[in-house]
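Protein chains: 2
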Amino acid sequence: MNCIKHAYDNDSLNARGRGYSKSESFDENWYKMSDADTGSDDSKDSNTVGVPQFLVVNNVHMLNGDHHHVNMYEETVDDEAKPYIEIVEQPQSRGFRFRYECEGPSHGGLQGEKSEKYRKTFPAIKIRNYNGPSRVVVNLVTDEAVPRPHAHKLVGKNCSDGVCTVDVKTGQNTVTFANLCVQHVTRKKSAEVIEQRIIESMKMDKMVKLGNLNEQAYLSEDELAQAKQQAEKQAKDMQLNVVKLCFQAYLKDGSGLISKVLPSVLSSPIYDSKAPGANVLKICRMDKYGGSCKGDEEVFLLCEKVQKDDISVRFVEQDEDGNVVWEAFGNFGPFDVHRQYAIVFKTPAYKDPNN
Amino acid sequence: MNCIKHAYDNDSLNARGRGYSKSESFDENWYKMSDADTGSDDSKDSNTVGVPQFLVVNNVHMLNGDHHHVNMYEETVDDEAKPYIEIVEQPQSRGFRFRYECEGPSHGGLQGEKSEKYRKTFPAIKIRNYNGPSRVVVNLVTDEAVPRPHAHKLVGKNCSDGVCTVDVKTGQNTVTFANLCVQHVTRKKSAEVIEQRIIESMKMDKMVKLGNLNEQAYLSEDELAQAKQQAEKQAKDMQLNVVKLCFQAYLKDGSGLISKVLPSVLSSPIYDSKAPGANVLKICRMDKYGGSCKGDEEVFLLCEKVQKDDISVRFVEQDEDGNVVWEAFGNFGPFDVHRQYAIVFKTPAYKDPNN
DNA sequence: TTATGGGGAATCCCCACAG
DNA sequence: ACATGGGGAATCCCCGTTA
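Laid out in structure tokens, this is it:
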């Protein structure tokens, strides 16, 4: 006798070829700025994954208003427990939508990965082994082996110029980022944004070389042209559908001046939920939820937007411990994916078609 | 016993609330230009539907290069068979896609309503009761009781500046418009386009008033501002998803100069196939094609893009002569329309549930 | 290679509902 | 009236096919 042997559930719908990256953090050594690197190299050599030069330079720039000189070259050989940034809550990886500037503000902020409908959480970091005042800066970087500044902007609470800056008081050891939003810069405008960032970093680089961060540096026509060209190149193939948060912390000394820079820490990637393929996969409705163990039955499945060439329907059986004891895939081709919102497939046979 | 009683076919899927307009043509009297009307009035009084003033003025302007004076005021009381434009083939109403400028040229032209896959036809007109040379002009107008010039442009063969102009030789009594395309002007740019048209028509109006079509007229700041304001108003609620072709003909005398203007004739409306709701309704796939006469069976239907609030599924039975002997509607609500591409409905009972 | 057609991505707009 | 979330319209880009 045929019987309903396999149940279908939402988790059974899976996309092929998706890698869910885990969170990353950099080594805990003090960051040491290299004065030979303009941040414009294309080398993919990243045995020692480092913070991109651009980024730190930019941050120094932003802190410029403090009018004091940070000794970027300080070496610490201190082996004691060193301060470092820890991400205590990652941002949600999926389900958040990047909004365009034209969509206006206030469409809800980025939540934490543990967020629930009626118990919302938010991305948060903690500065370990340190209890004094600091300034925390968050900006967006690309999801690459060697991350670069991203064209998108952080907007929302405490944000300006695409960057989020929070001054942390003594004793406040956790920083929670409620209402952080990712503003989706259009592909067209992304070149401009990146160009600006490059120009600033090149200026800053000059200033660092001159050893004076308080005097404006100027770029030659040539350098400007180069910045533009480079920006256009970067903008052209920058992935606009994924960003990472880059957290940086500047520790303040007794007088409130910046004394140390902690190594940057990157969050796990955040995928734009509006982007094709980045959607949370979801089965909305099916015309049958059970059938013959022999398989080969046609099922109409209505789903959220999928990619006809990168989607499959997976049947799984798990034991009490959640181990997969059986799996098989629904049978269909790209042609059976209707307008990205429905799939017509044939059921696979159950492992024991007579059971 | 239950049996398959009603068949489903593509024609059974119908939208509510769609009016398919029939073709229209204006009265056959000679067109008489009113010199008091700038074409800018908003009156919806159209007992005698007339050609909008803008249009004709524009055409005169376009013909200006001929450097001769057309007597626009000629009255004919002639009762003999008068020349007139007849549309011998209407354009296809549905299934044609308006293309944006950015989409580049050559995506296929507007076809005739009788066009078939391997026997294509095109919109065509005939000038009746006349065999001499003429110039035929086609442009786009709105689908309103009082048509206005449309923001969209005609492009393709013989087109320039959004207008199609064909010189017709003696003896060629049919003009066929192969490769006419409608260029979709963006809502933003539509105001500019319309403003330009209004400015031209106002200039022309002045020139007409001055009785000299060969000398350029100038507008005051005030008039320009008024044109702009009016254009913005018109652009804001102009329907960009539908146009009509406006055919005009200028008969030439023995020396090749324009001697008479025939009354304009409008085609039936042409709906942009890419626009929501203007799609050809189509059932792509269903999970069952027959069922119980008692009805109340759930059917998953995959379709082309529909509007969840303006769609229904109709079951019909026709006799041999095509008369409807029974009809009923599938039962579903907007919530059952999945992302515009699928409908889950319950079948209605057949007229005789026991048969 | 262009002509023809079509799918869907990127951008933008606006609505419904909850607080 | 705003904060949040979401659907879909308007615009744009690009691909496979066929003539």
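For the protein sequence lines, the chains are H and S, in the order given.
Just so you know, we're using the UniProt record's numbering here: the first sequence kicks off at 1 and counts up by one.
Just so you know, we're using the UniProt record's numbering here: the second sequence kicks off at 1 and counts up by one.
C-beta: ideal position from N, C-alpha, C; glycine also.
Residues that DSSP places opposite Gln196 (chain S) in a beta bridge: Within the second sequence, numbered from 1, the residue matching residue 196 (chain S) stands at position 196. Beta-bridge partners assigned by DSSP to Gln196 (chain S): none are found.
Ser160 (chain H) classed as buried or exposed, judged by whether at least 16 other C-beta atoms fall within 10 angstroms: As a working mapping, residue 160 (chain H) is identified with position 160 in the first sequence. Classification of Ser160 (chain H): exposed, given that the 10 Å Cβ count is below 16.
Check whether Ile87 (chain S) and Ala151 (chain S) have beta carbons under 8 Å apart: Stepping through the second sequence from its first residue, residue 87 (chain S) is reached at position 87. Stepping through the second sequence from its first residue, residue 151 (chain S) is reached at position 151. No, the pair does not count as a contact, with Cβ atoms beyond the cut-off.
Span of the beta strand (DSSP E), counted from its first residue to its last, around Lys260 (chain H): Locating residue 260 (chain H) in the first sequence gives position 260, where the first residue counts as 1. DSSP places Lys260 (chain H) in the uninterrupted beta strand (DSSP E) bounded by Ile258 to Val261.
Closer than 8 Å to chain S by CB, Tyr341 (chain H): By 1-based counting over the first sequence, the position of residue 341 (chain H) is 341. At a cut-off of 8 Å between beta-carbon atoms, Tyr341 (chain H) makes contact with chain S.
Segment contact flag, the segment 251-265 of chain S with the segment 130-145 of chain S, C-beta cutoff 8 Å, min 3 pairs: With three or more CB-CB distances shorter than 8 Å, the segment 251-265 of chain S counts as touching the segment 130-145 of chain S.
Glu317 (chain H) - containing beta strand (DSSP E), residue span: Position 317 of the first sequence holds residue 317 (chain H). Its beta strand (DSSP E) spans residues Ser312 to Gln318.
Contacting residues, own chain, Cβ-Cβ under 6 Å from Gly291 (chain S) (five flanking each side not counted): Locating residue 291 (chain S) in the second sequence gives position 291, where the first residue counts as 1. Once the five neighbours on either side are set aside, the close Cβ partners of Gly291 (chain S) are Glu297 and Thr347.
Whole-Å CB distance - Val299 (chain H) paired with Asp272 (chain H), under 8 Å assumed: Along the first sequence, one-based indexing puts residue 299 (chain H) at 299. Along the first sequence, one-based indexing puts residue 272 (chain H) at 272. Val299 (chain H) to Asp272 (chain H), Cβ: 30 Å. No contact.
Reference Lys82 (chain S); option with closest CA among S:Lys189, S:Gln111 and S:Ile127: Taking the first residue of the second sequence as 1, we reach residue 82 (chain S) at position 82. Checked all of S:Lys189, S:Gln111 and S:Ile127; the closest Cα to Lys82 (chain S) is S:Ile127.
Residue-level contact to chain H via CB, Phe285 (chain S), 8 Å cutoff: Residue numbering aside, residue 285 (chain S) sits at position 285 when the second sequence is read from its first letter. The residue asked about is misnamed: residue 285 (chain S) is Arg in this sequence, not Phe. Residue-level contact check: Arg285 (chain S) touches chain H, since one or more beta carbons of chain H fall below 8 Å from its beta carbon.
Sequence-distant residues of its chain with Cβ nearer than 8 Å to Ala278 (chain H) (five each side left out): As a position in the first sequence, residue 278 (chain H) is number 278, starting the count at 1. So the list reads Arg94, Asn241, Val242, Tyr271 and Asp272, once near-sequence residues are dropped.
Chain H contact residues for Val344 (chain S), given Cβ-Cβ distances below 7 Å: Within the second sequence, the letter at position 344 stands for residue 344 (chain S). Counting only Cβ-Cβ distances below 7 Å, Val344 (chain S) has contacts in chain H at Arg285, in chain order.
6 Å CB neighbourhood of Lys153 (chain H) in its chain, flanking five on each side removed: Along the first sequence, read from residue 1 onward, the residue named residue 153 (chain H) stands at position 153. Correct list, in chain order: Gly162 and Gln183.
Residue range of the alpha helix (DSSP H) that includes Ala235 (chain S): Your numbering for residue 235 (chain S) matches position 235 in the second sequence. Element bounds for Ala235 (chain S): Glu221 to Lys236.
Which residues DSSP lists as bridging Ala278 (chain H), in chain order: Start at 1 with the first residue of the first sequence, and residue 278 (chain H) comes out as number 278. Bridge partners of Ala278 (chain H): none, in fact.
Closer than 8 Å to chain H by CB, Leu302 (chain S): Reading the second sequence from its first residue, position 302 is the one you call residue 302 (chain S). Yes, its Cβ sits closer than 8 Å to a Cβ of chain H.
Exposure of Ala225 (chain S), with buried meaning 16 or more beta-carbon neighbours within 10 Å: Here residue 225 (chain S) is taken as the residue at index 225 of the second sequence, counted from 1. By the neighbour-count criterion, in which a residue is buried when 16 or more other Cβ atoms sit within 10 angstroms of its Cβ, Ala225 (chain S) is exposed.
Leu302 (chain S) vs His338 (chain H) beta-carbon contact at 8 Å: In the second sequence, residue 302 (chain S) corresponds to position 302, counting from 1. In the first sequence, residue 338 (chain H) corresponds to position 338, counting from 1. Taking 8 Å as the Cβ cut-off, Leu302 (chain S) and His338 (chain H) qualify as a contacting pair.
Cα-Cα separation, Pro91 (chain S) to Glu116 (chain S): The sequence position of residue 91 (chain S) within the second sequence is 91, counting from 1. The sequence position of residue 116 (chain S) within the second sequence is 116, counting from 1. CA-CA distance, Pro91 (chain S) to Glu116 (chain S), rounds to 13 Å.
Cβ neighbours of Thr38 (chain H) in the same chain (closer than 8 Å, five flanking residues each side left out): As a first step, residue 38 (chain H) is located in the first sequence; it is residue number 38 there, counting from the start. No answer about Thr38 (chain H) holds up, because its pLDDT of 31 lies below 50 and its placement is not dependable.
Residue 362 (chain H), DSSP secondary structure in three states: The requested residue 362 (chain H) does not occur in the structure, where chain H is confined to residues 1 to 355.
Inter-residue spacing [alpha-carbon to alpha-carbon] between Asp143 (chain S) and Pro149 (chain S): Your numbering for residue 143 (chain S) matches position 143 in the second sequence. Your numbering for residue 149 (chain S) matches position 149 in the second sequence. In this model, Asp143 (chain S) and Pro149 (chain S) are separated by some 10 Å (Cα to Cα).
Inter-residue CB distance, Gln307 (chain H) and Pro276 (chain H) (contact presumed, cutoff 8 Å): As a position in the first sequence, residue 307 (chain H) is number 307, starting the count at 1. As a position in the first sequence, residue 276 (chain H) is number 276, starting the count at 1. Their Cβ separation, rounded to whole angstroms, is 6 Å, which keeps Gln307 (chain H) and Pro276 (chain H) in contact under 8 Å.
Contacting residues, own chain, Cβ-Cβ under 6 Å from Ala217 (chain S) (five flanking each side not counted): Looking up residue 217 (chain S) in the second sequence gives position 217. In the same chain as Ala217 (chain S), and ignoring 5 residues on each side of it, the C-beta atoms closer than 6 Å to its own belong to Lys203, Lys206 and Met207, in chain order.
Beta-carbon proximity of Gly112 (chain S) to Phe122 (chain S), cut-off 8 Å: Stepping through the second sequence from its first residue, residue 112 (chain S) is reached at position 112. Stepping through the second sequence from its first residue, residue 122 (chain S) is reached at position 122. In contact: Gly112 (chain S) and Phe122 (chain S) (Cβ atoms closer than 8 Å).
Interface flag, Glu103 (chain H) vs chain S, CB-CB below 8 Å: Position 103 of the first sequence, counted from the first residue, corresponds to residue 103 (chain H). False, the Cβ-Cβ gap to chain S never drops below 8 Å.
Top-ranked residue by Cα proximity to Trp326 (chain S), from S:Asp287, S:Ala349 and S:Lys228: Position 326 of the second sequence, counted from the first residue, corresponds to residue 326 (chain S). When C-alpha distances from Trp326 (chain S) are compared across S:Asp287, S:Ala349 and S:Lys228, the shortest belongs to S:Ala349.
Cβ neighbours of Gly295 (chain H) in the same chain (closer than 6 Å, five flanking residues each side left out): As a position in the first sequence, residue 295 (chain H) is number 295, starting the count at 1. The beta carbon of Gly295 (chain H) is closer than 6 Å to those of Thr347, Pro348 and Ala349 in its chain, skipping five residues each way along the sequence.
3 or more residues per run - each beta strand (DSSP E) lying fully within the segment 328-353 of chain S: Qualifying beta strand (DSSP E) stretches, in chain order: 342-346.
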